[in-house]
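Residue numbers (this note's numbering): 345 to 848.
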Amino acid sequence: MAWHAYGRDRFHVTVKASLDAGAKEVVELRQPMTERMKQIQGAIIECLDACLGELRRSHTSLDVEQLTVENALLKSFDIIVRRQLDPVWHQISQRTKRLVHDMQTLRQLLVYLISYDCVAFNAYLDTLVASQSSSTSIGGYSQPPSLWMMMDAANVLFNTARERVYRRQGATGRRLPASGEGIPPDVELVLEEQPKWALLRDTLREIDGDVHHQGPTLVLVQDTRTAHQLERYWVKEKAATVGNAARSMLYTAATEYFQWKQQFTRITTTATTTTGSGASTATSSREGRQVSRSSGGQRQPPAGKRRRIRGGSATAARAADRGTVASPASMESGGSGQEASNHEEHDDAASARDNSNSPAIVDVPSTSKQARDDEASGADVEDKTISLLDGARLLVIRPISGNADDQLLEDLQPSHIIIYDPNPMLVRQVEMYQAQHADQLARVYFMLYADSVEEQRYLSDIRREKAAFERLIHENSVVSAYRVLAALSAGLFDAIRDPAGDVQ
Numbered sequence: 345m346a347w348h349a350y351g352r353d354r355f356h357v358t359v360k361a362s363l364d365a366g367a368k369e370v371v372e373l374r375q376p377m378t379e380r381m382k383q384i385q386g387a388i389i390e391c392l393d394a395c396l397g398e399l400r401r402s403h404t405s406l407d408v409e410q411l412t413v414e415n416a417l418l419k420s421f422d423i424i425v426r427r428q429l430d431p432v433w434h435q436i437s438q439r440t441k442r443l444v445h446d447m448q449t450l451r452q453l454l455v456y457l458i459s460y461d462c463v464a465f466n467a468y469l470d471t472l473v474a475s476q477s478s479s480t481s482i483g484g485y486s487q488p489p490s491l492w493m494m495m496d497a498a499n500v501l502f503n504t505a506r507e508r509v510y511r512r513q514g515a516t517g518r519r520l521p522a523s524g525e526g527i528p529p530d531v532e533l534v535l536e537e538q539p540k541w542a543l544l545r546d547t548l549r550e551i552d553g554d555v556h557h558q559g560p561t562l563v564l565v566q567d568t569r570t571a572h573q574l575e576r577y578w579v580k581e582k583a584a585t586v587g588n589a590a591r592s593m594l595y596t597a598a599t600e601y602f603q604w605k606q607q608f609t610r611i612t613t614t615a616t617t618t619t620g621s622g623a624s625t626a627t628s629s630r631e632g633r634q635v636s637r638s639s640g641g642q643r644q645p646p647a648g649k650r651r652r653i654r655g656g657s658a659t660a661a662r663a664a665d666r667g668t669v670a671s672p673a674s675m676e677s678g679g680s681g682q683e684a685s686n687h688e689e690h691d692d693a694a695s696a697r698d699n700s701n702s703p704a705i706v707d708v709p710s711t712s713k714q715a716r717d718d719e720a721s722g723a724d725v726e727d728k729t730i731s732l733l734d735g736a737r738l739l740v741i742r743p744i745s746g747n748a749d750d751q752l753l754e755d756l757q758p759s760h761i762i763i764y765d766p767n768p769m770l771v772r773q774v775e776m777y778q779a780q781h782a783d784q785l786a787r788v789y790f791m792l793y794a795d796s797v798e799e800q801r802y803l804s805d806i807r808r809e810k811a812a813f814e815r816l817i818h819e820n821s822v823v824s825a826y827r828v829l830a831a832l833s834a835g836l837f838d839a840i841r842d843p844a845g846d847v848q
């Protein structure tokens with residue numbers, strides 16, 4: 345039996361005093377979203393609410409208290425839904441399964457809205473529309489359509505996302521000058537910049553003017569994609585002599601987007617035509633088999649089966665050819681495919697040679713135990729850390745890597761830490777680092793979008809963390825009381841007294 349149970353949560357007096365030792369410099373930066381981003385976020389939430397309502401009506405046995413929009417914003421919502429549907433997953437209809445998939449898609453859109461640039465986000469929506477039109481009839485079998493695609497909020501979503509990238513000539517009523525290569529002449533580029541980019545730029549400029557803290561600057565982001573996005577942005581920002589670095593980067597992405605869209609539209613049209621002919625062939629084959637069985641009395645060999653396989657192979661071959669078209673997820677900030685990536689690197693290198701203020705990319709090897717183990721085992725591990733030598737200051741952009749971040753903080757010992765994407769676990773790691781290095785505290789910048797799903801998720805995680813500590817404190821008190829009661833009932837009260845005569 346465990347006679348002692350100690351709970352040392354972060355609200356404990358001793359722990360709190362240790363964490364609060366020293367004057368912390370934390371700057372919270374709440375960046376408002378643009379009006380178009382707010383409209384898109386509201387439209388996505390409206391579509392998500394409609395899917396939740398349809399799911400509640402379809403299955404009255406589900407726990408409706410958990411199927412709310414507030415819970416749908418949590419990262420664990422997919423697990424909550426599947427946990428309730430898994431016992432009857434083989435019995436539910438295709439429409440219900442489509443609803444579950446649609447909710448996952450809409451939740452992804454909420455994340456992509458704040459992490460993707462406007463061009464990549466609009467391209468991803470184009471693929472959703474194309475997949476919706478091509479999946480309505482697959483192999484002659486009708487697939488249920490997505491409920492949210494037919495809502496008015498979906499029109500707001502698609503139109504507003506497109507307006508963040510470009511406008512047609514008819515929208516302004518004036519003739520536009522000739523556009524760049526690959527951009528249609530009747531298109532006026534808008535290219536809305538992500539608000540956090542300008543916030544990061546201003547913060548880094550403020551850090552450059554801080555003469556009291558000249559150590560490295562660490563930028564912690566959510567994933568590798570965001571790290572490379574910020575790397576390209578900052579390289580262009582430092583190399584640009586005139587013009588807007590963000591617009592220059594998005595202009596390259598828009599040019600590749602229109603080139604990709606032409607190929608994507610052509611391939612989608614071909615695949616739709618092939619699928620339609622394949623469905624007709626499959627229907628004719630089924631009718632032929634029915635006639636053969638009714639006329640001959642015996643089942644004849646399925647003559648249409650071989651034709652269906654050939655049709656499927658042709659369709660698969662065409663689908664394989666799609667690999668030559670850059671996916672929209674890889675097109676962000678001008679990076680579509682290997683050729684575009686090489687072109688982007690060539691432009692960055694040329695800009696760096698033309699301007700001496702351009703930051704140099706240096707290699708800072710990771711010294712974490714996981715990285716050393718991977719290197720010793722001969723594994724091909726890509727270093728996720730991006731280091732830019734900006735004059736005399738080292739700028740490191742690093743995706744969140746769990747326990748490896750502790751080792752990175754110890755090795756780098758930055759003077760400034762920028763938390764680009766809010767994460768409670770990362771905040772606690774920074775708190776521990778600050779408490780262990782009270783003699784050289786780093787200035788921390790905490791960024792998040794105001795009145796956004798990002799802020800709501802972070803606050804929800806904080807509330808769940810606090811609730812977990814409260815349960816821990818309650819369980820600890822119950823265990824202590826149970827120990828005294830058990831000892832009294834067993835006649836062992838004297839055995840659990842300390843030398844001072846107090847009950848432990």
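Each residue gets a CB set at the ideal place from its N, CA and C atoms; glycine is no exception.
Span separating the alpha-carbon of residue i from that of residue j
i: residue 451; j: residue 419; result: 9 Å
i: residue 548; j: residue 529; result: 38 Å
i: residue 879; j: residue 425; result: The structure shown does not extend to residue 879, since the chain is modelled only from 345 through 848, so no value can be given for it.
i: residue 596; j: residue 393; result: 36 Å
i: residue 608; j: residue 373; result: 40 Å
i: residue 762; j: residue 560; result: 11 Å
i: residue 605; j: residue 434; result: 38 Å
i: residue 563; j: residue 494; result: 41 Å
i: residue 467; j: residue 430; result: 33 Å
i: residue 750; j: residue 436; result: 46 Å
i: residue 654; j: residue 614; result: Bear in mind that a pLDDT of 40 at residue 654, under 50, signals an unreliable position, so the number given afterwards is only what the model happens to contain. Near 16 Å, if we compare the C-alpha coordinates of residue 614 and residue 654.
i: residue 543; j: residue 769; result: 23 Å
i: residue 758; j: residue 783; result: 13 Å
i: residue 594; j: residue 375; result: 21 Å
i: residue 731; j: residue 558; result: 16 Å
i: residue 511; j: residue 535; result: 10 Å
i: residue 400; j: residue 473; result: 26 Å
i: residue 579; j: residue 501; result: 32 Å
i: residue 582; j: residue 538; result: 18 Å
i: residue 465; j: residue 817; result: 44 Å
i: residue 444; j: residue 471; result: 19 Å
i: residue 317; j: residue 591; result: This structure cannot settle anything about residue 317, because the visible part of the chain is limited to 345 through 848.
i: residue 709; j: residue 498; result: The predicted model places residue 709 with a pLDDT of 34, which falls under 50 and marks its position as unreliable, so this point remains unresolved.
i: residue 631; j: residue 432; result: Bear in mind that a pLDDT of 46 at residue 631, under 50, signals an unreliable position, so the number given afterwards is only what the model happens to contain. Roughly 34 Å separates the two Cα atoms.
i: residue 809; j: residue 815; result: 10 Å
Top-ranked residue by Cα proximity to residue i, from the options
i: residue 745; options: 738, 757, 767, 513; result: 767
i: residue 792; options: 566, 387, 469; result: 566
i: residue 292; options: 462, 415, 370; result: In the structure as shown, the chain starts at 345 and stops at 848, and residue 292 therefore has no counterpart that could be examined.
i: residue 380; options: 569, 503, 390; result: 503
i: residue 454; options: 513, 405, 505, 489; result: 505
i: residue 459; options: 361, 385, 423; result: 385
i: residue 389; options: 601, 447, 407; result: 447
i: residue 457; options: 387, 371, 403, 729; result: 387
i: residue 552; options: 799, 432, 787, 421; result: 787
i: residue 785; options: 556, 412, 570, 815; result: 556
i: residue 461; options: 779, 412, 795, 601; result: 601
i: residue 449; options: 432, 428, 422; result: 422
Run of the alpha helix (DSSP H) containing residue i, from where it starts to where it stops
i: residue 539; result: 539–552
i: residue 561; result: Counting along the chain, residue 561 falls outside any alpha helix (DSSP H), though it belongs to the beta strand (DSSP E) covering 561–565.
i: residue 428; result: 421–429
i: residue 413; result: 413–416
i: residue 434; result: Run containing residue 434: none; DSSP gives neither H nor E here.
i: residue 573; result: 568–583
Where residue i falls: helix, strand or coil (DSSP)
i: residue 408; result: coil
i: residue 792; result: strand
i: residue 383; result: helix
i: residue 532; result: strand
Where the beta strand (DSSP E) through residue i begins and ends
i: residue 371; result: 369–376
Closer than 8 Å to chain B by CB, residue i
i: residue 531; result: Given the protein chain composition of this structure (a single chain), no chain B is represented.
Jot down the residue ranges of each uninterrupted beta strand (DSSP E) in the stretch 727–785, minimum 3 residues, whole runs only, in chain order. Secondary structure within the stretch 727–785: the beta strand (DSSP E) runs of 3 or more consecutive residues, fully enclosed, are 730–734, 737–743, 760–763 (chain order).
Taking only runs of the alpha helix (DSSP H) that begin and end inside the stretch 446–507, which ones reach a length of at least 4 residues, in chain order? 462–478, 496–507
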